[in-house]
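The structure under discussion appears below in the form of structure tokens.
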Amino acid sequence: MCHALEITSAHQVTAIERRHGARFRAVFDQSAVPQFLCDLEGIVTEVNEAFSALLGTRREQLLGRPVRDLIHCSDGGRVNHALASLLQGTSESTQVPSVLRDRQDRPIPGLASAQVLREENGTVVGVSVVLNDLSELQAAEGRHRQQEQFFATMSQRASDVAIVADATGLMLYTSPGITKVLGYTPEDILDSEGWDFIHPDDVPAMRIQFARVAEGGETETATLRVRNASGEWRWMEETMHNCLGTPVQGIVCNLRDITERVAAEADLKASMLLYRTIAETVDEGLLLSTQDGTTVYVNERLGEILGLATDAIYAQRLDTILDDQHLQLKRDRTADGAGRGPQRFELSYDHPNGEQRTLQVVAAPIDLFADGRGGSLATVSDITRTRQLENELRRAALYDGLAGLPNRTLLMDRLKHALARESTGTAVLFVDLDHFKLVNDTRGHAVGDDVLVQVAARLSTSVRPQDTVARLGGDEFVVVCEDVDADAAASVSQDLIAVLNKPFSLATGPLQITASIGVAMSPPRSAEILVRNADTAMYAAKVAGRGRVQHFDSRLAAHTAERRELSVALDLALAKDELTMHYQPVIELDSGRVVGMEALARWERDGGVQVPPDRFVVIAEETGLAHRLDRWALRNALTGVSRLRAEHAVHPDSFVAVNLSARNLSNPELETDLLKWTEKANLSPCHVLLEITESAIMSDAAAAVSLLQRLRHVGFLIAVDDFGTGHSSLAYLRNLPLTTLKIDRSFVASIGENRNALAITRSIVDLATAMGFSVIAEGVETAQHAEMLRELGCHWAQGWLWSPAVSVSELRSAHTMVRRYDTSCADLFPLGQARQEALDGP
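Sequential numbering of the sequence shown, starting at 1226, is according to the numbering used here.
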């Protein structure tokens, strides 16, 4: 191959030398223009040094290689196609763009000029190729294109618009960025008057400034409104430069869209106006100061609060103004105002008008200046009235509004503290006025309030300064004595009894009133238990006769524990319906017939233990169960009598008597429930006798009378139970819608031996007869009592002479009642007959 290549190369060179002479060889070798020769097969047969240097390859590495190996892939086959055309004889020469490759396969752009080589006889022996290196030219052109693209891109994307106008304002040039900023194309703008795009209100000022720039050569900046392609007005900042004496030969105007900035400035201005308005209208005083205390801003409200002119406040520091009140506003903030949050101060301030005010100051560090210096914002509020109201509310929450004494809340707090620090002992005295309700009812509530105020004053002046006198409500007072023993507590209690027994001087005349006092000593160290024990002792004092002192002792403790246990048991028994209803017959004295029966509740606990009615009824009234007990009794009595009637165990015209407690007389649902239960039992109200004690009526006479009148209006029978044992009964008797009076057993039991009892009983019978009431005597146990009552004119009676209260089953067993309703009671109730025989003796 090498030998053939040398022969070919020599043959081509010989052909060249024969045709062009020896000088050609020298020019070929020494030419700075890269050249190479190839044969008819497209094999490189000769290269010059310039070509070797261009490709970076030694001559011997290039010779014998196909030309196609020297062509870069990006050439696209142009060189190969040109060589093929020459070698095929279709043309003598050609010139094509080429891309050769160097030894690192990098492209070398150029312009290839190819010439066919022939023998003298015209035979084609090869091709001569001269290569013009275009690398630097293309690189320069690339850089130029890149710069053009860069400037075009920058111009398109620039936020500023450059416009060149002549001295009259005719626009000669505009940068492409105008499309982005205003929506115009350069063609829309060129050869137009710039004034046509400016807001009419801004044109006069702009003409003046433009003329100054055109004539004087100065640079000026203006703010104006320019219409965009959509017809909207945009705020622009325009800087005008005189370039008439330069190759530009015009006025260069640089436009920047500042619409958002103008809007932001307008918003800021509005915000500043808003904040200033707020600062001047808020109810707090505001003071803005620098780090060293120099006042920067003061609102008018601060001057009003301090009673000073704002100029006087500017001239001083706030802590100096308030220094007379020993306030030292700390100014130990760091230089940048960091390191401390808002601080609150509350202080007294001597107002120039002579009043003492309470001020609240809140001082907070802020970044006040652009250079980083810190400052302080202080708000000053006049809270004088607020503190006054808080004190009033605090007093109202802790003190009784009428007597000015501590209330239950403050009492319990003081008692707890006394128990915590006691050394000797702590005594609680529970004071309750006797029959105080009568004072309100007979003399009016204003007089009653006057009594309470005087009682509070007497109690307060009768104890030691360290003792506490409190009012719990109504006529209940509590005295707490610290560091006392039982004897000292008893002495204080007797002193209080004596003080309260003295007549009270009132607008309606003097009043004598007594008080009952219960005393409890620590331990226990529970404030709640001590007050409850004292209350229990006070109640015991009232039961014992009022106007006396009762100490809480083991007996009362046992009674209290029993009452609590019975209360829980009674509550559970009512829930489980474990009570039963017994019935005691009411006898007509003239005929001996059964005309009615009184329904009486009975309670037998687990194990067969009977709880006396007078015990559990009292427990119910004391513990709030009376309402539930009455409802149970009413429902069961009415239901039970309805069944007995259906079974013909009682006369269809007989009535049933049921007791009502004082608490039920204030129950708004009682009237509705009574009507509902009576109707459900298929009874008429005229067969239901409601028994109410005098004390129950007197507990709230107005409400009781109103309710009883409504019940009587619909037909219920109304009886006063235990008549003659209460108080002020005659005062209300004419107003009560009664049908019956019941003579208390205490009078009946002694009418045979006690003339006074007989006289009272006769008076009651006569009174009832005069007022059209029927009379029932309770507790009749002897035939003598029954006969005496009959002779006095008493209509009806009940008692063990005839029968105790018996169960429903015992009533059913009295089968003779079914045969004859007018049978004598001795036949109907053998228990009563046996009782009579036992009383009479053998």
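Even for Gly, the Cβ is constructed at its ideal location relative to N, Cα and C.
| Asked | Found |
| --- | --- |
| Separation of glutamate 1485 from alanine 1491, as counted between CA atoms | 10 Å |
| Inter-stretch contact at 8 Å, needing at least 3 Cβ pairs: the stretch 1596-1616 / the stretch 1509-1520 | yes |
| Span separating the alpha-carbon of aspartate 2102 from that of threonine 1611 | With the chain running from 1226 to 2067 in the structure shown, residue 2102 is simply not present. |
| Sheet register partners of proline 1810 (DSSP bridge) | Met1822 |
| Whole-Å CB distance - valine 2031 paired with tyrosine 1808, under 8 Å assumed | 6 Å |
| Distance CB(serine 2026)-CB(valine 2005) smaller than 8 Å | Per the sequence shown, residue 2026 should be read as leucine rather than serine. It is a contact, given that the beta carbons lie within the stated cut-off. |
| Residue environment, valine 1881, which counts as buried when at least 16 other CB atoms sit within 10 Å | buried |
| Assigned exposure category for asparagine 1861 - 16 Cβ within 10 Å defines buried | buried |
| For isoleucine 1722, three-class secondary structure by DSSP | helix |
| Whole-angstrom distance between glutamate 1463 and valine 1258, CA atom to CA atom | 57 Å |
| Counted within 10 angstroms of its Cβ, other Cβ atoms place serine 1353 as buried (16 or more) or exposed | buried |
| For valine 1428, the first and last residue of its enclosing alpha helix (DSSP H) | 1428-1441 |
| Beta-bridge partners of serine 1741, as assigned by DSSP | Asp1657 |
| Of the residues Asp1692, Ala1723, His1776 and Val1676, the one placed nearest aspartate 1712, counting alpha carbons only | His1776 |
| Span separating the alpha-carbon of alanine 2059 from that of valine 1819 | With a pLDDT of 37 at alanine 2059, under the threshold of 50, the modelled position of this residue cannot be trusted; read the value that follows with caution. Cα to Cα, alanine 2059 sits roughly 18 Å from valine 1819. |
| Any non-hydrogen atom of the ligand ZN within 7 Å of asparagine 1578 CB | Of the ligands one can find in the structure shown there are none, so the ligand ZN has no counterpart to examine. |
| Per-residue burial, serine 1718 [other beta carbons within 10 Å of its own, 16 or more giving buried] | buried |
| Neighbourhood of threonine 1897 by C-beta distance below 6 Å, restricted to the same chain and skipping five residues each side | none |
| Whole-number beta carbon distance between aspartate 1300 and serine 1323, since they are thought to touch under 8 Å | 6 Å |
| Three-way DSSP call (helix, strand, coil) for glycine 1564 in this model | Low per-residue confidence applies at glycine 1564: pLDDT is 46, beneath 50, and the placement is therefore not dependable, though the value from the model is reported in the following sentence. Here glycine 1564 sits in coil by DSSP. |
| DSSP-derived helix/strand/coil call for leucine 1552 | Caution applies to leucine 1552, whose pLDDT of 42 falls short of 50 and renders its modelled position unreliable; the value that the coordinates give is listed next. DSSP places leucine 1552 in coil when its eight states are reduced to three. |
| Separation of glycine 1441 from serine 1360, as counted between CA atoms | 50 Å |
| Residue(s) in a DSSP beta bridge with leucine 1359 | Note: leucine 1359 sits in no beta bridge, so no partner. |
| Residue interval of the alpha helix (DSSP H) (run including tyrosine 1674) | The displayed chain sequence assigns aspartate, not tyrosine, to residue 1674. Unbroken alpha helix (DSSP H) run through aspartate 1674: 1670-1687. |
| Span of the beta strand (DSSP E) around tryptophan 2025 | Segment: none, tryptophan 2025 is in no beta strand (DSSP E) and carries neither H nor E. |
| CB contact flag (alanine 1194, isoleucine 1968, <8 Å) | No answer is possible for residue 1194: the residues shown for the chain start at 1226 and end at 2067. |
| Secondary structure of phenylalanine 1777, DSSP reduced to three states | coil |
| Option nearest leucine 1933 by Cα separation, candidates Ala1845, Val1487, Leu1885 and Arg1870 | Leu1885 |
| Backbone CA spacing between alanine 1621 and alanine 1645 [nearest angstrom] | 26 Å |
| Isoleucine 1922, DSSP secondary structure in three states | helix |
| Neighbourhood of histidine 1424 by C-beta distance below 8 Å, restricted to the same chain and skipping five residues each side | Leu1449, Arg1450, Val1451, Arg1452 and Trp1458 |
| Straight-line gap, leucine 1958 to glycine 1734 (C-alpha atoms, nearest Å) | 27 Å |
| For methionine 1461, three-class secondary structure by DSSP | strand |
| Own chain partners of proline 1334 with C-beta closer than 7 Å, once the 5 adjacent residues on each side are dropped | Val1324, Leu1359, Ser1360 and Gln1363 |
| Cutoff 7 Å; reference glutamine 1691; Cβ partners in own chain excluding five residues on either side | Glu1707 |
| Glutamine 2009 versus methionine 1637 - alpha carbon distance | 59 Å |
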